[in-house]
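Have a look at the structure below, then the notes.
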Amino acid sequence: MSHDRLAFCFGVHNHQPVGNFDHVLAEATERAYHPFLERLRARPEVRLTVHCSGSLLEWLRERAPRTFDLLGALAGRGQAELLTGGFFEPVLAVLPDHDKRGQIERLSEFLRAHFGVRPRGMWLAERVWEPHLPRALAAAGVEYVLVDDSHFALAGLDPDALGGYYLTEEQGAAVRVFPISQRLRYLVPFAEVDASLEYLAARRGSVAALTMVDDGEKFGVWPGTHAHVYEKGWLDRFFDRLLAAEWLELTTLGDVADRLPATGRVYLPAASYREMGEWALPVEAGRALEEAKRALGGLAGGERVAALLRGGFWRNFLVKYPEVADTYWKMLRLSRAIQAARDAAPRDVRLAEAQAQLWRGQANDAYWHGVFGGCYLPHLRRAVKSALLAAERRLAEAGGPPVTAAHADGNGDGRREVFVRTPELAVTVLPEQGGTLAELGYLPKALDVADVLARRPEAYHDQLRARESTPDPAASVRTIHEPPAAREAGLDALLAYDDFRRVSLLDGLFGPAGALDPVAPWRAARVAFGAARFDCAVDAGPDAVTVTLARRAAEPGLVDVEKRLVIRGASVEARYRLRPGDGAALAGRWAVQWNLALTAGEAPGRYLTAPGRPSLGSRGRLARAAGVALVDEWIGVEARLDASPEAELAWGPVETVSVSEAGFERIYQGTALLVVWPLAAPPDGPCEMVVRLTLAGR
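Quick note on numbering: the sequence shown equals residues 37 to 734 in the numbering used here.
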């Protein structure tokens, strides 16, 4: 490496979320991963860095062996430096240290076993950095890692002066940190090739090395990029110009680490890439940040000052989306239990399988939301939750009683939950949030049928309201920084928000007349109990757990409520006893809402057993029914809901509007079912009703 030449560390990061559809992976391989590697094979003088997540590598090995072998050949001849990372692409900062190390070592061993290389550097998922990481990374054998130059800006450094690599440490354990150039990240491959070369030339002489490693999907998967990068020759021109520049040397991170001294020392704050920080903010704070950026943009030097606006902290997603927080805390509880069990029985195969499923359940994509974040995508949440349920099942099979119950604060919110497990179910009850059910994990199919995301405001909804909601047919090259298009007209009409989380056993007292919206009935209620605190008693027997929830009437004219849950086998039964709070006769209606999710709303083999077999994404009402079942023939699950006495039963789809790289889109989250009974009882007499959910395989 000549000291009068600029070393350019170029590379790609390839990843597909755990649980993504096979056709999506196949398309990404065909349109981006394979053609990119083919261009490299044709240019042996091009040296660069490649990271593929472990889950993607496993898929390529089984489903696209030509691409897998091509990657191995490029690594074998020293043309592509392969990076390690968390095997299932977790956000390492929030994992227990033993899982951090285990995930990294698993991918490093995979690369050694299949490609004969020992990776020295690491790709950090979503570039989520926290200051404690160097010690854990060094313990896992990582010598260097990449983060964005925006991380350095938040530490007070000028991104336009950054180059090479920097040293950082935690308790004396040191790693090298390479800053990724945001300017190049925005130029490649969207701008003309000359723009990238001009920027590189401008940096020559001021720094010894520059780094740009970014999503491989930009090279063929993002809208319009396949034609732009390959058919219209952008990548060939890019390589031609890089190789023709005598003042430039295409090289790898490892070469720079070996041949150049560190540029300096640095201590980086907790951060991720700039867009992630914006997405992590609460809605109002996100709006305020956008206003501040616009204001600064009009000032001299405002762009540099705006770079110091850090947005939010990745862990804020665990506050912004309580459903995500529940998954995260379940992961932590399982991690502790599995690690303790493995320490006691290190050779137990069931525990090894539990740990593998736990690591799969740590995949980052379902734990956050942004243009590429997946917590709004049910199939990604389902993959993570299914892995955690599979881990829970294998852990239970390794020992312990078949039925367990715990009444404790299991998610760090200062309130106690009830966690119940039978051989068939994993159930979470929220006594201090309406006595509701936040988890209904059906263990034989590893499916959480309570996994329904609430409809809540997002800052980008303002953009949808401000524009005409019509599909954008343009096939131009698009980046995540451009205003998103709407994938269908009328999406702004779906921007309704929920009063409570989309849990089950939401209860309310209503007047005697008027049709109730099964999806959003609560604003018509005399009183809704979704946020109410219930007294709670738990009785665990050998084959069932009874959770007794009680609440006295808050004011005259309302009701005392006792809700007794019996969790046995694969069923959850709720027995209600209602008494008037002031001795008057009960009147009106009592309604109970279930929010249930199978695998799709509108797809073959997903329906309700009501007349005509309506789809799970339909709306309907039965004036009088003893029950109905939700059926998913694809996954082989039936969720049977029974009511006694017979009740009115109505249903409707829970649909959100979120944004992805393709634009604004409607997403089916689940089906809301509302069970409604008229109340009639003598003074001081109770009304009693029962509703039961039973899960079964098909």
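Virtual Cβ for every residue (Gly too), placed ideally from N, Cα, C.
Less than 8 Å separating the beta-carbons of G55 and H415? Taking 8 Å as the cut-off, the beta carbon of G55 is found closer than this to the beta carbon of H415.
So is E228 buried or exposed if we call it buried at 16+ other beta carbons inside 10 Å? The residue in question, E228, is exposed, as its Cβ has fewer than 16 Cβ neighbours within 10 Å.
C-beta neighbour in chain B for C572, strict 8 Å: Among the chains of the structure shown, chain B does not appear; only one protein chain is present.
Nearest neighbour of E701, chosen from Y612, E609 and Y412 [CA to CA]: Minimum Cα distance to E701 is reached at Y412.
Can you tell me where the alpha helix (DSSP H) holding T288 begins and where it ends? Per DSSP, T288 belongs to no alpha helix (DSSP H) and is neither H nor E.
Please go through the stretch 468 to 504 and give each complete beta strand (DSSP E) segment of 3 or more residues, from N-terminal end onward. Complete beta strand (DSSP E) runs here, min 3: 472 to 478.
Pick helix, strand or coil for T103, following the three-state DSSP scheme. The answer is helix: DSSP assigns T103 an H, G or I state.
Any beta strand (DSSP E) of 3 or more consecutive residues that is wholly inside the stretch 390 to 475: You should have 440 to 444, 453 to 457 and 461 to 466.
Y266 - DSSP class collapsed to helix/strand/coil: Under the three-state reduction of DSSP, Y266 is assigned to helix.
For the alpha helix (DSSP H) that S232 lies in, which residues bound it at each end? Element bounds for S232: V229 to R239.
Cutoff 6 Å; reference G233; Cβ partners in own chain excluding five residues on either side: Checking the displayed sequence, the identity of residue 233 turns out to be Leu instead of Gly. Counting only Cβ-Cβ distances below 6 Å, and skipping sequence neighbours, we find R277.
Beta strand (DSSP E) segment containing K599, residue limits: K599 -> beta strand (DSSP E) spans V595 to R604.
Give me whichever residues DSSP pairs with G733 in a beta bridge. The partner list for G733 (beta bridge, DSSP) reads V673.
State the CB to CB distance for the pair A633 and D487, rounded to an integer number of angstroms; the pair is presumed to be in contact (CB under 8 Å). Rounded to the nearest angstrom, the Cβ distance from A633 to D487 is 5 Å, consistent with a contact under 8 Å.
Can you tell me whether DSSP reads L652 as helix, strand or coil? In the three-state scheme derived from DSSP, where H, G and I count as helix and E and B as strand, L652 is classed as coil.
Does P126 come out as helix, strand or coil in the three-state DSSP assignment? When DSSP states are grouped into helix, strand and coil, P126 belongs to the strand group.
Span of the beta strand (DSSP E), counted from its first residue to its last, around L531: Careful: L531 lies outside any beta strand (DSSP E) and carries neither H nor E.
Residues near R240 in its chain [Cβ-Cβ closer than 7 Å; skip 5 each side]: Apart from sequence neighbours up to five positions away, the residues of its chain that approach R240 with a beta-carbon distance below 7 Å are L42 and W283, ordered along the chain.
Would you call G699 buried or exposed, if buried means 16 or more other Cβ atoms sit within 10 Å of its Cβ? Under this definition G699 is a buried residue.
Please give me, in chain order, every unbroken run of the alpha helix (DSSP H) with length at least 4 that falls completely inside the stretch 520 to 572. Taking only runs of at least 4 residues, no alpha helix (DSSP H) segment lies wholly in the stretch 520 to 572.
Evaluate contact between the stretch 387 to 397 and the stretch 112 to 121, counting only Cβ atoms and requiring at least three cross-stretch pairs below 8 Å. Judged by Cβ distances under 8 Å, the stretch 387 to 397 makes no contact with the stretch 112 to 121, as fewer than three pairs qualify.
What's the C-alpha gap between D449 and T464? If I take the Cα positions, the gap works out to 14 Å.
Is V583 helix, strand or coil by DSSP? In the three-state reduction of the DSSP assignment, V583 falls in the strand class.
Report the option in L483, L677, R523 and L286 whose CA atom is closest to the CA atom of E27. Outside the modelled stretch of the chain, which goes from 37 to 734, sits residue 27, for which no answer is possible.
N447 and A316 closer than 8 Å at C-beta: For N447 and A316, no; Cβs fall outside 8 Å.
Kindly give me the distance between the Cβ atoms of G624 and L545, rounded to whole angstroms, as I take these residues to be in contact under 8 Å. Correct: roughly 6 Å between the Cβ atoms.
In terms of residue numbering, what span does the alpha helix (DSSP H) encompassing L800 cover? A query on residue 800 cannot be resolved here, the shown segment of the chain reaching from 37 to 734 and no further.
Pair within 8 Å by beta-carbon distance, G122 and V249: At the C-beta level, G122 and V249 stay beyond 8 Å of one another.
I'd like to know whether the C-beta atoms of V664 and T645 end up nearer to each other than 8 Å. T645 is positioned such that its CB atom lies closer than 8 Å to that of V664.
Within the continuous alpha helix (DSSP H) that includes F700, where are the two ends? Where F700 is concerned, there is no enclosing alpha helix (DSSP H), although the beta strand (DSSP E) it sits in stretches over G699 to P714.
From the DSSP secondary-structure annotation, give me the bridge partner or partners of L644. L666.
For W350, the first and last residue of its enclosing beta strand (DSSP E): Per DSSP, W350 belongs to no beta strand (DSSP E) and is neither H nor E.
Alpha carbon to alpha carbon, how far is N400 from L190? Give it in angstroms, no decimals. Using only the alpha carbons, I get a separation of about 24 Å.
Note down the Cα distance separating L658 from E669, rounded to an integer number of angstroms. Separation of L658 and E669 (C-alpha to C-alpha, rounded to the nearest whole angstrom) is 23 Å.
Please state whether DSSP places R83 in a helix, a strand or coil. Reduced to three states, the DSSP call for R83 is coil.
Identify, in the order they occur along the chain, each residue of the same chain with its Cβ nearer than 7 Å to the Cβ of G290, setting aside the five sequence neighbours on each side. Excluding sequence positions up to five before and after G290, its CB lies within less than 7 Å of the CB of E117, R156 and G157, all in the same chain and listed in chain order.
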